Amino acid sequence: MSANKGWWVPTEGEDSVSEKLMRKTRESPLVPIGLGGCLVVAAYRIYRLKARGPTKMSIHLIHTRVAAQACAVGAILLGAVYTMYRDYTTKTAQDAGEK
1 MSANKGWWVP
11 TEGEDSVSEK
21 LMRKTRESPL
31 VPIGLGGCLV
41 VAAYRIYRLK
51 ARGPTKMSIH
61 LIHTRVAAQA
71 CAVGAILLGA
81 VYTMYRDYTT
91 KTAQDAGEK
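Heads up: the sequence shown is residues 1 to 99, going by UniProt numbering.
Next comes the structure, spelled out in structure tokens:
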């Protein structure tokens, strides 16, 4: 069995992984913001692990998970509101232009 050493290299018509990531980030900029928020909250809560006091470890981890998920859901919510606003203003502008 010979291994194909170039399996990760995209063909000539395809984008590389970094180009795909940048394109997706431009199309939907709130996804990386939500992911970054999750990572920041998780890192902060792990950093504060020693200062949790008498709180049980399971409760601390549950609070960490909920805070990280709140960042992701907040980013999704902001993206949905922005998209609705943009679509509404575009339709309103088109309707005003037709009249």
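Note that beta-carbon positions come from the ideal geometry of N, C-alpha and C, so glycine has one too.
Just so it is clear, the structure is predicted and the values come from calculations on it, not from any experiment.
Every alpha helix (DSSP H) of 4 residues or more that sits fully in the stretch 23 to 85 is shown, in chain order, as 30 to 47. By the criterion of at least three beta-carbon pairs nearer than 8 Å, the stretch 67 to 74 is not in contact with the stretch 13 to 24. One thing to note: Cys38 has its Cβ within 8 Å of the Cβ of Ala68. A residue is called buried once 16 or more other Cβ atoms fall within 10 Å of its Cβ, and Leu30 is buried on that count.
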